[in-house]
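Colleague: Please find one structure pasted underneath; my questions will follow.
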Amino acid sequence: MKELKNMKDKNMYFKGKPEYQLTPKTSDWMHELFNDQAVVRGLMERYGSPINIHHLPSFNKNCENYQQVFQSYGLKYRIFYARKANKSKGLVKQAFASGIGVDTASFKELEQSLALGGNAENLVLTAAIKTEAQIELAIKNGVPIILDNEDECRLTQTVAAKLNRKANVGFRISGFKVDGEKLYSRFGFDVDEVVDFIASYVGDGKTFDLLEVTGLHFHLDSYSTHQRSISLIASIHMISALKEKGYPITFIDIGGGILMNYLEDEEEWIDFNEKLKEVVINQNNDITFNNNGLGFRLEDGKLNGKRNTYPYFNKINKGSFIKEVLDFTDDASGLSVASLLLKNDIEIRIEPGRSLLDQVGMTVAKVIHRKKDARGQWLVGLEMNMSQMMSSSADFLLDPFMLYNSEIEEIEHVDVYFTGAYCLERDVLLKRKITLPRLPAIGEYVAFVNTAGYMMHFFETEAHLFDLTTNLIFTGSNEKLSFFQFIDDNKIVLE
Ligand SMILES: Cc1ncc(COP(=O)(O)O)c(C=O)c1O
């Protein structure tokens, strides 16, 4: 123990520093762990590599941040954590403990969330494909179902009739017109038709008399606050029209897609973007693996395409993103979106996934081998595969941390790529070349921070029969870090 304490003063861990750095925002809990490699080693030995760690106090802080924003406007609100972004049960339990709800997108997500303490008040079902079983489970538990199309209305009506119950539903809408352009989505009812549809077919004495419409819903594919404000205003008007026709609608759910910020420094982000374009144009790309343009390409001497990644730096994010949506002034009434919601007594709901997971997670993997490829590049093989940290886009653009088992001075450097266990040439965990103060040794660890939102589970597979990553729920505490503060998510019992 004494020896460990001494190690804390030494340089045992380093952020990778490529020429064009992308320094991630980090939290104290991450550095505490980096400084206590005995705990990391204990966890790796117990659970295998890689491990996903989830820090509950950070999740709780994000919940509080959104709650405070809505409270500051005096709005009625509900927050539903979109658990599609991370499958861990521990986060669902924490969501309820933090006073927010959970957005579920499949039978199992709904079933588990119910067993973890969910109910009609704190759950919503928004699945893109809704089976009879899902709808039945939702109706039996009074969970609101967000309807996407007429076939879903029909199925919900049939199931409700079978159960002799009414179904609490919201209607998902798309196709809002913003600045003269109609926003396309494959989801939802068309904005120009939904009011007539509800008025014609839903309610007492009509085709869908067992559907009780309590809200409207949209989820936009973009990260624009402007589009959300305009869509909210249009939804408020629709609610007024529906209220006049006798539908007592109470909420608008604006889905997720609320930006978060991954990076410390805007300059680094700008410089990296400029450099990426430059190396693609000049065909001298030495910053990414195999000349990967991350979406940019050179065609007939011209730069085409665009960076196909999440926009990792965002000045406006989380609470300030919501504020920007609510503060927008409606031209017609001269009122802000927040005032319009208050005036019309409408509850606003959000379903953040990624942004509620900001600073909540990290993925740690063990170094298995090092080799030089035929181009003289160092490849560091990890006990992990690409599906265990995979972005839906071209790359996860955050510098990783290398946890060394001995003191390091930054006098030398080595450029590496981290490679994974799949039999695919493209199983390279980060596409950017990462510069380290020394070549990692076998058995040392690399940590990828802020991976809880989508990176851990969304594309995880069991190809080659690799085990799925163990998800650990880190309760955190002011006491000294200990192995026992990490709970295996598989061990969380369902009631
Ligand atoms: C209906 C719905 N709600 C919420 C979310 C969560 O979005 P995010 O994780 O970007 O906040 C999604 C994401 O696809 C969604 O489709």
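Okay, so the sequence shown: first residue is 3 according to this note's numbering, each after it adds one. Positions of the beta carbon are idealized from the N, C-alpha and C atoms, including for glycine.
(1) Quick check on the DSSP output: the beta strand (DSSP E) that includes G383 runs from which residue to which?
(2) Can you give the beta carbon distance from F109 to L149, rounded, assuming they're within the 8 Å contact cut?
(3) Any heavy atom of ligand 1 closer than 7 Å to the beta-carbon of E349?
(4) G217 and E353: beta carbons closer than 8 Å?
(5) Could you name each continuous alpha helix (DSSP H) segment of 4 residues or more that falls completely within the segment 424-458, going from the start of the chain to the end?
(6) So, using beta-carbon positions, are T472 and S389 closer together than 8 Å?
(7) Output yes or no for whether 8 Å exceeds the beta carbon distance between A236 and V197.
(8) Can you tell me whether S357 sits near ligand 1, meaning its C-beta is under 7 Å from at least one heavy atom of the ligand?
(9) Do you know offhand how far E47's Cα is from Y456's?
(10) Identify every run of the beta strand (DSSP E) within the segment 163-218, keeping only runs that are complete inside it and at least 3 residues long; order them along the chain.
(11) Might you give, ordered along the chain, the residues of its own chain that have their beta carbon closer than 6 Å to the beta carbon of G205, omitting 5 neighbours on each side?
(12) Is the Cβ-Cβ distance between L381 and K368 less than 8 Å?
(13) CB-CB under 8 Å to K325, same chain, minus the five flanking residues each way: which ones, in chain order?
(14) Quick one: using the 10 Å Cβ neighbour count with 16 as the cut-off for buried, is S2 buried or exposed?
(15) With a CB to CB cut of under 8 Å and the five nearest residues on each side skipped, what residues in its chain are close to F485?
(16) Could you check whether I141 and L165 sit closer than 8 Å to each other, using their CB atoms as the reference points?
(17) DSSP has T290 in a bridge; who is on the other side?
(18) What distance in whole Å lies between the Cβ atoms of G303 and G295, which are believed to be in contact at a cut-off of 8 Å?
(19) Roughly how many angstroms lie between the CA atoms of S51 and F460, to the nearest whole one?
(20) My output table needs one value for T25: the three-state DSSP class, helix, strand or coil.
(21) On the DSSP bridge assignment, give the partners of R230 in chain order.
(22) Can you have a look at G248 and say buried or exposed, based on whether 16 or more other CB atoms are within 10 angstroms of its CB?
(23) So the candidates are P313, I370 and N492; which of them puts its Cα closest to the Cα of A443?
(24) Please name the residue or residues paired with M364 in a DSSP beta bridge.
(25) Who are the near neighbours of D38 in its chain, counting only those whose CB is closer than 6 Å to its CB and skipping five residues on each side?
(26) At what residues does the alpha helix (DSSP H) containing Y79 begin and finish?
(27) Once you ignore the five residues that flank A122 on each side, which residues in its own chain have a CB closer than 8 Å to its CB?
(28) Give the DSSP-derived three-state secondary structure of H466 in the structure shown.
(29) Within the same chain, show all residues whose beta-carbon is closer than 7 Å to that of R230, passing over the 5 residues directly before and after it, in chain order.
(30) Please tell me whether, using a cut-off of 7 Å, the distance from the CB of A367 to the nearest non-hydrogen atom of ligand 1 is below it.
(31) Go through the segment 105-166 residue by residue and report every complete run of the beta strand (DSSP E) that reaches 3 residues or more, in order.
(32) Less than 8 Å between the CB atoms is what I'm expecting for Q136 and L118, so what's the real figure, rounded?
(33) Name the residue from A454, A99 and T421 whose alpha carbon lies nearest to the alpha carbon of G363.
(34) Closer than 8 Å by C-beta to E446: which residues in its own chain qualify, once you throw out the five before and the five after it? Chain order, please.
(35) So, for M14: in the same chain, excluding its five sequence neighbours on each side, which residues have a beta-carbon less than 6 Å away from its beta-carbon?
(36) Tell me where the alpha helix (DSSP H) around F323 begins and ends.
Modeller: On the basis of the supplied data:
(1) Looking up residue 383 in the sequence shown gives position 381. For G383, the enclosing beta strand (DSSP E) starts and ends at W380 to L384.
(2) Counted from its first residue, the sequence shown places residue 109 at position 107. Counted from its first residue, the sequence shown places residue 149 at position 147. The Cβ separation is near 17 Å, so there is no contact.
(3) Within the sequence shown, the letter at position 347 stands for residue 349. It does not: the Cβ of E349 is nowhere closer than 7 Å to a heavy atom of ligand 1.
(4) Locating residue 217 in the sequence shown gives position 215, where the first residue counts as 1. Locating residue 353 in the sequence shown gives position 351, where the first residue counts as 1. No.
(5) Within the segment 424-458, no complete alpha helix (DSSP H) run reaches 4 residues.
(6) By one-based count along the sequence shown, residue 472 stands at place 470. By one-based count along the sequence shown, residue 389 stands at place 387. In this structure, S389 does not lie closer than 8 Å to T472 by Cβ.
(7) Indexing the sequence shown from 1 puts residue 236 at position 234. Indexing the sequence shown from 1 puts residue 197 at position 195. Not a contact, by the Cβ cut-off of 8 Å.
(8) Indexing the sequence shown from 1 puts residue 357 at position 355. In this structure, S357 has its CB closer than 7 Å to one or more heavy atoms of ligand 1.
(9) In the sequence shown, counting from the first residue as 1, residue 47 sits at position 45. In the sequence shown, counting from the first residue as 1, residue 456 sits at position 454. The C-alpha of Y456 is placed about 25 Å away from the C-alpha of E47.
(10) Listed in chain order, the complete beta strand (DSSP E) runs (minimum 3 residues) inside the segment 163-218 are 169-176.
(11) Looking up residue 205 in the sequence shown gives position 203. Around G205, the same chain offers no residue with a beta carbon nearer than 6 Å, after the five sequence neighbours per side are excluded.
(12) By one-based count along the sequence shown, residue 381 stands at place 379. By one-based count along the sequence shown, residue 368 stands at place 366. Not a contact, by the Cβ cut-off of 8 Å.
(13) Within the sequence shown, residue 325 is the residue found at index 323, counting from 1. Listed in chain order, the non-local C-beta contacts of K325 below 8 Å within the same chain comprise V71, local neighbours out to five positions each way being set aside.
(14) Only positions 3 to 497 of the chain appear in the structure, and residue 2 is not among them; the question remains open.
(15) Here the question's residue 485 lines up with position 483 in the sequence shown. Hits under 8 Å: V41, G44, L45 and R48.
(16) As a first step, residue 165 is located in the sequence shown; it is residue number 163 there, counting from the start. As a first step, residue 141 is located in the sequence shown; it is residue number 139 there, counting from the start. Cβ atoms of L165 and I141: closer than 8 Å.
(17) Taking the first residue of the sequence shown as 1, we reach residue 290 at position 288. R434, per the DSSP bridge assignment.
(18) Counted from its first residue, the sequence shown places residue 295 at position 293. Counted from its first residue, the sequence shown places residue 303 at position 301. Going by Cβ atoms, the distance from G295 to G303 rounds to 15 Å, so no, they are not a contact pair.
(19) Reading the sequence shown from its first residue, position 49 is the one you call residue 51. Reading the sequence shown from its first residue, position 458 is the one you call residue 460. A direct Cα-Cα distance of roughly 18 Å separates S51 from F460.
(20) Along the sequence shown, one-based indexing puts residue 25 at 23. Of the three classes helix, strand and coil, the one that applies to T25 here is coil, per DSSP.
(21) Within the sequence shown, the letter at position 228 stands for residue 230. R230 is not bridged to any residue.
(22) As a working note, residue 248 is residue 246 in the sequence shown. That one is exposed.
(23) For this step, residue 443 is matched to residue 441 along the sequence shown. Minimum Cα distance to A443 is reached at I370.
(24) Here residue 364 corresponds to residue number 362 of the sequence shown, with the count starting at 1. Answer is I55 and V451.
(25) For the purposes of this step, residue 38 is identified with residue 36 of the sequence shown, where counting begins at 1. Taken in chain order, the residues that qualify are L483.
(26) Residue 79 sits at position 77 when you count from the first residue of the sequence shown. For Y79, no alpha helix (DSSP H) encloses it; the enclosing beta strand (DSSP E) starts and ends at Y79 to A84.
(27) Numbered from its first residue, the sequence shown carries residue 122 at position 120. Within the same chain, Cβ atoms closer than 8 Å to the Cβ of A122 are found at N143, G144, V145, P146 and N170, the five residues on either side in sequence being excluded.
(28) Here residue 466 refers to the residue found at position 464 when the sequence shown is read from its first residue. Residue state, collapsed to three classes: helix.
(29) Counted from its first residue, the sequence shown places residue 230 at position 228. Around R230: L222, I256 and V327.
(30) Taking the first residue of the sequence shown as position 1, residue 367 is located at position 365. Outside the cutoff, so no.
(31) As summarised for the segment 105-166, the continuous beta strand (DSSP E) elements at least 3 residues long and confined to that stretch are 125-127 and 147-149, given in chain order.
(32) Stepping through the sequence shown from its first residue, residue 136 is reached at position 134. Stepping through the sequence shown from its first residue, residue 118 is reached at position 116. About 17 Å; that fails the 8 Å criterion.
(33) The residue you call residue 363 lines up with position 361 of the sequence shown. The shortest C-alpha separation from G363 is found at A454.
(34) Locating residue 446 in the sequence shown gives position 444, counting from the first residue. Sequence-distant partners of E446 (beyond 5 residues in either direction) whose C-beta falls short of 8 Å from its own C-beta, in its chain, are K368, V369, M404, L405, Y406 and N407.
(35) Counting from 1 along the sequence shown, the entry for residue 14 is found at position 12. Taken in chain order, the residues that qualify are Y406.
(36) Walking along the sequence shown from the start, residue 323 turns up at place 321. For F323, the enclosing alpha helix (DSSP H) stretches over residues K320 to D329.
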